[in-house]
Structures are given as C-alpha cells and as structure tokens.
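What follows is a set of notes on a single structure, which appears directly below.
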Amino acid sequence: MNHSYRCWAEVDLMALRENLAWIRHRVGPDVKIMTVVKADAYGHGLKQIAGLLMQSGTDVFGVANLSEAQAIRAVGRGWPVLMLGACLPDEVERAVRDDVMPTISTFAEAKMFSAAAARLKRVVSVHIKVDTGMGRLGVAAAQACELIEAVGRLSGLRLVGLYTHFAAVEDDAAFSREQRLRFNRLLRPLLKAGHAFEYLHANSSGALLLEKATIFNTVRPGLAVYGVVPSAKRRIVSVLKRHLCPALAWKCRVSFVKEVPAGTSLSYGRTFVAPQSMRVATLTAGYGDGYLRAASGRAQVLIGGKICPVVGRITMDQMLVDVSTVKRVRAGDEVVLVGRQGRRGISATQVAEWSGTIPWEVLTAITYRVPRVYLGGHAA
Ligand SMILES: *Cc1c(COP(=O)(O)O)cnc(C)c1O
-17 MNHSYRCWAE
-7 VDLMALRENL
3 AWIRHRVGPD
13 VKIMTVVKAD
23 AYGHGLKQIA
33 GLLMQSGTDV
43 FGVANLSEAQ
53 AIRAVGRGWP
63 VLMLGACLPD
73 EVERAVRDDV
83 MPTISTFAEA
93 KMFSAAAARL
103 KRVVSVHIKV
113 DTGMGRLGVA
123 AAQACELIEA
133 VGRLSGLRLV
143 GLYTHFAAVE
153 DDAAFSREQR
163 LRFNRLLRPL
173 LKAGHAFEYL
183 HANSSGALLL
193 EKATIFNTVR
203 PGLAVYGVVP
213 SAKRRIVSVL
223 KRHLCPALAW
233 KCRVSFVKEV
243 PAGTSLSYGR
253 TFVAPQSMRV
263 ATLTAGYGDG
273 YLRAASGRAQ
283 VLIGGKICPV
293 VGRITMDQML
303 VDVSTVKRVR
313 AGDEVVLVGR
323 QGRRGISATQ
333 VAEWSGTIPW
343 EVLTAITYRV
353 PRVYLGGHAA
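In this text, residue positions in the sequence shown follow our numbering: the first is -17, and each later residue adds one.
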C-alpha cells in the first residue's frame, strides 16, 4: 500500500482485459461487443476504463447520457457510441453534433433527428429499439415494422441498429423465451425482405450467460465486463461464472480497536448489544462512501484473512465489526469490503444480498469520496 487512503477502490485493468477476452471467446470473432460504460463505467472510472476497453477489443460503447459519450470521445476518437436512453428534445442537436447514435422508439423522435441532420448537414446513424416486454423504451413489437419503413424514408438518417432488452433474463426463462419469440417474429420477415442491420442486439450480461440464441451480431454486456456475476434465480453454469474475474476491490482501514464487556450496545439506535465480551474494530468506511446502510447487521468484511461480521448500524463514515477471532488487529490495518484477502473473498453480489439489492447498485453506489486506484496496466 503506497498511499494513505481511508477508503479506496482498486481496479485491476488486467482483469477487465481478461473478461473482455472471455466475452470475445464466448461470442466468437464475428459478433460485435458493445461494452456498456454508463454510470462512470459501473463505478470503475469511465476515462480509464474506456481507454483500456479501446485497446482490448471493444467495438462500440453503450452510454446513458451525452456527457458519458463526450468523455469517451475525449479518450479516443472514432469509436461508435450508442445512447441507450432516449434523447431529450433539447439534446437532439448535441447528439448529432457529437456523432452519438441515438435510440429511436417513435416516428416523432426520428423526425427530430432527421431535421437536425439536415440543419447540421450530417447523416445520423440510428438504432430502433423494440419493446418486447421491458416496458421502458422502444416501439411495440407490433408497430416496429411500420416504424422501420417510415424511418427508412426519412432523409439524413441511416438505420444501422435494431435491438431489444430483456426484462427478467436472470430470473424468468419463460418470459425471456416469450421476448425472444416476439423479437424473432419481427425479425424473420425483415431479414427475408433483405433488411440488414449492422448492429442487431439483445444480450446484456445475464442474457450473454443464459440466452445464447439471441447473441445475433452484437452483444451489450455491462456487469460481466467488470467481472461480476449477475444475481439470478436461474442457474448460471458455474464454468461460465468461473471465467469472470472481478476487476474492482473495495478497501478501507481499521481506525480504532477496543474490548467491550457483554451487554454493551454498539452504534446508532442500539440495535446490537454484545452477547459476550468481544473485540470491536471501527472502520473508515460508511454509507457516505457508498457502503449501503441496509447491510447493517448482515454484512461481513475481511481483516487478517478472516471473516468479520459488521455489528450495529453502518454510519455515514464509519462502521463497526467484531474482530474477536482475528489476532493482532491494529489501527491502520487493511480491510476488504469487496475483493480477496488471503484465501477468502467477498463479491459485490454478496454485498448486494446483504443490502437487499443487486450488484449493479452496489458498484454504482460507491461515491466520489472513494479514490479509484488502477493496477495492472497503463491507465489512459
Ligand atoms: C445497462 C444496460 C445493459 C447492460 O446490462 P448488464 O446487465 O450490466 O450487462 C444493456 N442494455 C441496456 C439497454 C442497458 O440499459
């Protein structure tokens, strides 16, 4: 440790490279990989991650807003970027100027882009999104054909992509099958009529692991790129899980150690009372760093290679753990919140379970206060 941070995240760039290589292996050489880097690359740091992904076989980026697209442009020019959300009316012109591919769900949106293209003397590459059951964005599958034809007649637009999104791919095989059938029912006549899409996509990370039939010619993973296995009720084959290598480790330190007698209450609300005398360590991380308070009373951390339960409520900047089983704990010692220590490991997915949420939220909840330290590569 050549720094004196109180709470930090280590991002292993080699792990990201390996995850991307594994995704490439899974989909084969002819399928494009759209890496999803929204929300600061799932909390890993967009600038560094985008640079690394550009060197590691990403074909295209998926983002949630235009600032993210701009950040990618600042790292490397010429990479296609798809805006996964709908552009607001006042964002249309900027999207066209910045050469971001928009997601289109309605003819009205398409007309706005066509008009902006004419004004700016540009050709805009667009993706049409089809709602097969997510209910968030997209044209209803039954109206999709009509929209595709209409968009095809607008000037200044090039329809390069068609996609859909699973609503419950990690948990519900039957509904995912229904979504696949709806998308394929639309697709079959289109392809037969000679329509070709440069980007035809459906698969997020969960679908990449569970729905091979919808890999099409592009996949759209986020979480798996960062080496995290989605929480799932469906069984994900363990050989697939084994290939994913978590890129992020989240750490803090011990700041104070004390012995408390039986009957001592600990932290706000006095929800925990020591059942016997115990040794308690105070840690330099709390919900102000993004460690969700909902995990109070359930979470565990690693100190000295041992599992230590969090006791009492997690507070904004500190939390308490039972270190009775760990020998020689001292102020300054390293604590692992997510990651490996010795032979033990804690995954973001586990922290999510303790917090009653999903690993996506655990990662994106890590706040600005937590410096990201990059290991294993030349960060951009
Ligand atoms: C976030 C997102 C993804 C990536 O999902 P993961 O589960 O993280 O792989 C893919 N597609 C869309 C439309 C998204 O919003």
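Every residue gets a Cβ at the ideal spot worked out from N, C-alpha and C, and that includes glycine.
No experiment lies behind these values; they were computed from the predicted model shown.
Checklist line | Simplified DSSP assignment, three categories, for G358 | finding: coil
Margin query: In this structure, how does DSSP classify V352 when only helix, strand and coil are distinguished?
Written below: coil
Margin query: So, for L191: in the same chain, excluding its five sequence neighbours on each side, which residues have a beta-carbon less than 6 Å away from its beta-carbon?
Written below: I218, L222
Item checked: Nearest-angstrom Cα separation, counted from E193 out to R8 -> 12 Å
Item checked: Same chain only: Cβ atoms within 7 Å of R79, ignoring 5 sequence neighbours per side -> L102
Note to self: I need the boundaries of the beta strand (DSSP E) containing G143, first residue and last residue.
What the structure shows: 139 to 145
Notebook entry, point to check: So, helix, strand or coil for I54, using DSSP?
Noted result: helix
Notebook entry, point to check: Do you know whose CA, among L64, V18, V305, lies nearest R261's CA?
Noted result: V305
Checklist line | Extent of the continuous beta strand (DSSP E) to which H7 belongs | finding: Counting along the chain, H7 falls outside any beta strand (DSSP E), though it belongs to the alpha helix (DSSP H) covering -5 to 9.
Item checked: CB-CB length for L141 against K93, believed under 8 Å -> Actually they are not in contact, since the Cβ atoms of L141 and K93 sit about 14 Å apart, beyond 8 Å.
Item checked: Host alpha helix (DSSP H) of F95 (start-end) -> First-last of the alpha helix (DSSP H) with F95: 89 to 102.
Item checked: CB of A263 within 7 Å of CB of A244, strictly -> no
Margin query: Quick check: does the Cβ of L205 come within less than 6 Å of any heavy atom belonging to ligand 1?
Written below: yes
Margin query: For A184 and R312, what's the separation of their Cα atoms in angstroms?
Written below: 50 Å
Item checked: Continuous beta strand (DSSP E) stretch holding Y24: start and end -> Per DSSP, Y24 belongs to no beta strand (DSSP E); it is in the alpha helix (DSSP H), 20 to 25.
Next item on the list: Counting only the same chain and skipping the five closest in sequence on each side, list residues whose C-beta sits under 6 Å from that of A277.
Entry: W336, S337
Margin query: Assuming contact is defined by CB atoms lying nearer than 7 Å, are V112 and V121 in contact in what I supplied?
Written below: For V112 and V121, yes; Cβs fall inside 7 Å.
Notebook entry, point to check: Nearest to V82 by alpha carbon, out of R322, R224, A53, D153?
Noted result: A53
Check: Is it true that the CB of L2 sits closer than 7 Å to the CB of G39?
Finding: yes
Check: How long is the line joining the alpha carbons of R164 and R354, rounded to whole angstroms?
Finding: Distance from the CA of R164 to the CA of R354, rounded to the nearest whole angstrom, comes to 42 Å.
Item checked: Same chain, Cβ closer than 8 Å to M(-4), neighbours up to 5 away in sequence not counted -> L357, G358, G359
Checklist line | Contact check, C(-11) vs D271, beta carbons under 7 Å | finding: yes
Item checked: Through-space distance from Q323 to D22, alpha-carbon basis -> Here the alpha carbon of D22 sits roughly 26 Å from the alpha carbon of Q323.
Margin query: My parser needs the alpha helix (DSSP H) runs of 4 or more residues fully inside the region 169 to 214; what are they?
Written below: Here the runs fully enclosed are 187 to 192.
Checklist line | Three or more C-beta pairs below 8 Å linking the region 291 to 307 and the region 193 to 210 | finding: no
Check: Between the region 147 to 155 and the region 168 to 175, are three or more C-beta pairs nearer than 8 Å?
Finding: no
Check: What whole-angstrom Cβ distance do P228 and S329 have, given they're in contact under 8 Å?
Finding: Contact flag correct, Cβ pair sits at about 6 Å.
Item checked: Alpha-carbon to alpha-carbon, G327 and V239 -> 23 Å
Next item on the list: Please indicate yes or no: does the CB of R202 lie closer than 6 Å to some heavy atom of ligand 1?
Entry: yes
Check: When DSSP builds the beta bridges, which residues end up paired with E335?
Finding: None; E335 has no bridge partner.
Notebook entry, point to check: Considering only residues of the same chain and omitting the five flanking positions on each side of T114, which have a CB-CB separation below 7 Å?
Noted result: A123, T146, Q161, R164, F165
Next item on the list: Quick one: measure Cβ to Cβ for M16 and D41, integer angstroms, because I've assumed they're closer than 8 Å.
Entry: 7 Å
Note to self: I'd like to confirm the pairing. Which residues does DSSP put opposite C234 in its beta bridges?
What the structure shows: C(-11), V317
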